[in-house]
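A.B. asks: Per the working numbering, residue 85 is the first one in the sequence shown, and the count goes up by one each step. Sharing a structure, written as structure tokens. Questions coming.
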Amino acid sequence: MKILDGSSLSKKIRETLRKKLSKISGPKPGLAVILVGSDPASEIYVSKKEKLAKEVGFHSEVHRLPKDTSQNDLLKCIETLNGAQNIHGILVQMPLPKHIDTQAILHAVLPNKDVDGFHPTNLGRLMMGHPRFVPCTPAGILRLLKEYQVEISGKKAVILGRSLIVGKPLAHLLLNENATVTLCHSKTKNLKAECQSADILISAMGKPAHIDASFIKEGAVVIDVGINRMNQKIIGDIDFNSVSKKASFITPVPGGIGPMTIAMLLENTLKAFEIK
Ligand code: GUN
Numbered sequence: 085m086k087i088l089d090g091s092s093l094s095k096k097i098r099e100t101l102r103k104k105l106s107k108i109s110g111p112k113p114g115l116a117v118i119l120v121g122s123d124p125a126s127e128i129y130v131s132k133k134e135k136l137a138k139e140v141g142f143h144s145e146v147h148r149l150p151k152d153t154s155q156n157d158l159l160k161c162i163e164t165l166n167g168a169q170n171i172h173g174i175l176v177q178m179p180l181p182k183h184i185d186t187q188a189i190l191h192a193v194l195p196n197k198d199v200d201g202f203h204p205t206n207l208g209r210l211m212m213g214h215p216r217f218v219p220c221t222p223a224g225i226l227r228l229l230k231e232y233q234v235e236i237s238g239k240k241a242v243i244l245g246r247s248l249i250v251g252k253p254l255a256h257l258l259l260n261e262n263a264t265v266t267l268c269h270s271k272t273k274n275l276k277a278e279c280q281s282a283d284i285l286i287s288a289m290g291k292p293a294h295i296d297a298s299f300i301k302e303g304a305v306v307i308d309v310g311i312n313r314m315n316q317k318i319i320g321d322i323d324f325n326s327v328s329k330k331a332s333f334i335t336p337v338p339g340g341i342g343p344m345t346i347a348m349l350l351e352n353t354l355k356a357f358e359i360k
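In structure tokens form, the structure reads like this:
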């Protein structure tokens with residue numbers, strides 16, 4: 085069994101970015117993150133994105149808006165950032181409060197500044213097989229698999245969770261790599277049998293340590309996107325101790341996909357700067 089070490093790959097990617105940014109004379113690429121409300125998990129993610137963006141040399145700003153911000157005020161904030169010369173990437177942290185229509189917000193971000201890859205234009209391009217901005221978590225998963233030369237073409241990939249942030253874009257990304265993809269969700273019948281057929285299993289369902297060795301085919305590659313908080317500890321969807329005995333490759337939590345997501349966000353931001 086080998087560990088897919090997202091922490092060290094993320095560090096390597098950020099170091100490459102730091103060198104590239106140091107060669108840019110004049111204003112640096114700018115990333116703006118919008119956080120509405122104070123969801124504790126989102127607070128942690130956003131602070132991390134800001135810290136690492138600065139470390140690499142980006143101009144980084146976080147717009148913290150109160151929980152009761154109206155949809156219109158949020159749209160105005162996005163409009164301002166769409167027009168800002170010093171901002172190349174815009175990210176609206178999910179989830180948004182219930183009174184805000186997430187779809188309307190995702191449509192509002194300028195596609196060329198959409199470093200999250202959630203705008204219909206960018207999701208459509210991914211689906212058509214010529215992506216521009218790929219959502220950061222799926223992009224991070226693919227990069228990690230490639231770094232460890234995991235073969236994807238012709239393999240059976242099973243994804244648990246159909247969110248817009250992970251499951252759906254990842255399905256298209258792996259399909260573009262010629263995997264045979266199964267997308268499972270809460271209504272899937274016999275989840276265990278689906279998992280047992282997977283050469284590559286990716287879990288993004290948010291159930292702590294739900295997947296144990298009995299779900300795993302011998303030699304499978306197992307990717308854990310779950311971030312579940314239990315008694316101050318972060319636990320993935322995968323029961324690492326039991327699954328690692330059967331898997332050929334496995335990601336740890338923390339230190340697997342989380343750091344990769346941020347590395348991909350920063351790469352997308354440099355790409356947005358270069359497109360401009
Ligand atoms: N919430 C959890 N993951 C993400 C992400 O990648 N982007 C945004 N905007 N919100 C998230």
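By construction, the Cβ of each residue, glycine as well, lies at the ideal position given by its N, Cα and C atoms. Every value quoted in this text rests on a predicted model; they were computed, and no experiment measured them.
Between Gly287 and Leu93, what straight-line distance do the alpha-carbon atoms span, to the nearest angstrom?
C.D. replies: For clarity, residue 287 is Ser in the given sequence; the question names Gly instead. Between Ser287 and Leu93, the C-alpha separation is close to 20 Å.
A.B. asks: Taking just the CA atoms, how far does Ile225 sit from Leu88?
C.D. replies: Straight-line Cα distance between these residues: approximately 10 Å.
A.B. asks: Let me make sure I understand the geometry here. Which of Gly342, Leu285 and Leu136 has the alpha-carbon closest to that of Ser328?
C.D. replies: For Ser328, the nearest C-alpha among the options comes from Leu285.
A.B. asks: When we look at the beta-carbon of Ala347 and count the other beta-carbons within 10 Å, is it buried (16 or more) or exposed?
C.D. replies: Looking at its Cβ environment, which holds 16 or more other Cβ atoms inside 10 Å, Ala347 is buried.
A.B. asks: Using the DSSP secondary-structure output, state which residues sit across from Ser326 in a beta bridge.
C.D. replies: Ser326 pairs with nothing; no bridge assigned.
A.B. asks: My guess is that Thr353 and Gly173 are in contact by the Cβ rule of under 8 Å, so how many angstroms apart are they, rounded?
C.D. replies: Confirmed, about 4 Å.
A.B. asks: DSSP three-state call for Lys291: helix, strand or coil?
C.D. replies: Three-state DSSP puts Lys291 in coil, outside helix and strand.
A.B. asks: Which of helix, strand or coil does DSSP assign to Leu267?
C.D. replies: Strand.
A.B. asks: CA-CA distance, Lys271 and Ile249?
C.D. replies: Whole-angstrom Cα-Cα distance: 19 Å.
A.B. asks: At what residues does the alpha helix (DSSP H) containing Thr261 begin and finish?
C.D. replies: With the sequence shown as reference, residue 261 is identified as Glu, and Thr is not the correct amino acid for it. Unbroken run through Glu261: none, as it is neither H nor E.
A.B. asks: Mapping the DSSP letters down to three states, classify Lys301 as helix, strand or coil.
C.D. replies: In this structure, Lys301 counts as coil in the three-state DSSP scheme.
A.B. asks: Enumerate in chain order the residues of its own chain whose CB-to-CB distance from Arg246 is below 7 Å, with the five nearest sequence positions on each side excluded.
C.D. replies: Answer for Arg246: Lys252, Leu267 and His269, listed in chain order.
A.B. asks: Determine, using beta carbons only, whether Ala263 and Ile236 come nearer to each other than 7 Å.
C.D. replies: Cβ atoms of Ala263 and Ile236: closer than 7 Å.
A.B. asks: Quick one: complete beta strand (DSSP E) runs, 3+ long, within the segment 169–247?
C.D. replies: Correct list: 173–176 and 240–244.
A.B. asks: Taking the alpha helix (DSSP H) that Val309 falls in, what are its first and last residues?
C.D. replies: No alpha helix (DSSP H) contains Val309, which DSSP labels as neither H nor E.
A.B. asks: With a 10 Å radius around its C-beta and 16 neighbouring C-beta atoms as the bar for buried, classify Ala125 as buried or exposed.
C.D. replies: Exposed.
A.B. asks: Just to confirm, is the Cβ distance from Ile359 to Asn166 under 7 Å?
C.D. replies: Going by C-beta atoms, Ile359 is not nearer than 7 Å to Asn166.
A.B. asks: Using 6 Å as the cut-off, classify the Cβ of Ile249 as near or not near the heavy atoms of the ligand GUN, replying yes or no.
C.D. replies: Because some heavy atom of the ligand GUN lies under 6 Å away, the Cβ of Ile249 counts as near it: yes.
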